[in-house]
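Novice:
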Ligand SMILES: [Zn+2]
Ligand SMILES: [Zn+2]
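Numbering (the UniProt record's numbering), first residue to last: 1 to 311.
(1) Only counting the same chain, and skipping five residues up and downstream in sequence, which positions put a Cβ closer than 7 Å to that of residue 155?
(2) Indicate whether the contact test is met: 3 or more Cβ pairs, each with one atom in the segment 182–194 and one in the segment 211–225, closer than 8 Å.
(3) Taking the DSSP output, what are the residues bridged to residue 207?
(4) Can you tell me whether residue 37 is buried or exposed, with buried defined as 16 or more other CB within 10 angstroms of its CB?
(5) Is any non-hydrogen atom of ligand 1 found closer than 7 Å to the C-beta of residue 13, if you look at the structure I gave you?
(6) Using the C-alpha atoms, what's the distance from residue 104 back to residue 153?
(7) I need the DSSP call for residue 178, collapsed to helix, strand or coil.
(8) Three or more beta-carbon pairs under 8 Å between the segment 260–267 and the segment 288–307, yes or no?
(9) Out of 239, 193, 202, state which residue places its alpha-carbon closest to the alpha-carbon of residue 212.
(10) Since I believe residue 113 is in contact with residue 132 (beta carbons under 8 Å), could you give me their beta-carbon distance rounded to a whole number of angstroms?
(11) Can you check the segment 20–57 for any alpha helix (DSSP H) of at least 4 residues that lies completely inside it and give the ranges in chain order?
(12) Identify whether residue 89 lies in helix, strand or coil by the three-state DSSP scheme.
(13) Does ligand 2 have a heavy atom nearer than 7 Å to the CB of residue 210?
Right, here's the structure in full:
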């Protein structure tokens with residue numbers, strides 16, 4: 001079960017030659033999910049080879065650097081004779097804006113576009129193995145963040161016990177037990193509980209979009225494997241961050257620390273740090289012991305289970 005996160009755009013409000021405006025592509029075991037769609041996102045998708053087969057777009061808020069790529073992407077799908085519907089999830093009260101954006105050039109896509117208004121706490125997408133919920137953020141307009149939360153997964157398989165205590169050789173019986181089915185071995189029935197531990201939590205991915213540091217984000221990011229947080233400014237621009245309802249890298253790190261996240265990715269980087277964003281990384285590392293990465297366009301992160309299964 002792979003979860004791959006590709007950063008398509010990592011700049012703040014204005015793009016640079018190195019950073020495009022905000023967009024993140026998530027491939028969760030073949031489900032393609034797009035979070036925000038800044039101008040030029042479709043070209044970033046080509047450039048970084050993510051593919052276009054998206055059925056769900058999750059919009060954090062309506063600022064141009066997060067949505068201006070929507071008309072272009074839809075037009076390309078139109079040219080490619082897309083028939084599959086696309087769902088655009090967007091904060092409550094912004095349906096009209098999305099509609100205007102889609103019809104800006106006076107045409108309507110030939111495929112169905114479902115605009116779904118979401119509020120914090122809503123389960124936006126409910127899939128058999130995971131769900132995506134909207135979370136409360138604080139910006140200068142209607143906004144939400146998103147958390148992708150996997151269901152609990154199977155308990156850990158105790159290979160040593162299976163082999164040594166019960167004498168079961170590695171093979172299909174292992175996967176059967178791991179699936180929760182008893183097996184017969186040398187006239188004995190072995191119950192799965194004997195060799196399989198309690199269910200373990202699935203993975204958690206959080207994308208805040210633009211936001212001030214928020215308690216609700218800490219709560220939603222508890223134990224997150226990957227937290228992608230607004231880190232527009234360094235600490236010496238803290239007042240500016242507050243005035244524009246963004247976070248500093250240090251504030252993002254405080255959120256990650258309080259949430260007990262494993263990895264923090266700093267994104268939405270101001271043009272001020274176009275030459276070097278080392279200051280952001282250093283300040284975040286001072287406040288957070290987990291892994292800190294500076295998001296870059298084209299960067300890909302695999303979100304792994306902390307304890308992979310092996311037989
Ligand atoms: Zn922004
Ligand atoms: Zn914004």
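Note that CB positions come from ideal geometry on N, CA and C, so glycine has one too.
Treat the numbers as computed from the prediction; the structure is a model and nothing was measured.
Specialist: According to the structure shown:
(1) Excluding residues within five positions, the ones whose Cβ falls inside 7 Å are 196, 197, 198, 199, 200.
(2) Taking a cut-off of 8 Å for Cβ pairs, the segment 182–194 and the segment 211–225 do not touch, as fewer than three such pairs fall below it.
(3) BP columns for residue 207 point to 146, 228.
(4) Around the Cβ of residue 37, a 10 Å sphere holds 16 or more other Cβ atoms; the residue is buried.
(5) Checking the Cβ of residue 13 against ligand 1 gives yes.
(6) Going from the Cα of residue 153 to the Cα of residue 104 covers about 44 Å.
(7) In this structure, residue 178 counts as helix in the three-state DSSP scheme.
(8) Counting Cβ pairs under 8 Å, three or more are found: they touch.
(9) Residue 239 holds the alpha-carbon nearest to the alpha-carbon of residue 212 among 239, 193, 202.
(10) Between residue 113 and residue 132 the Cβ distance is about 19 Å, and since that is not below 8 Å, they are no contact.
(11) Within the segment 20–57, complete alpha helix (DSSP H) segments of at least 4 residues are found at 41–47, given in chain order.
(12) Residue 89 falls in the strand class under three-state DSSP.
(13) Taken from the Cβ of residue 210, at least one heavy atom of ligand 2 lies inside 7 Å.
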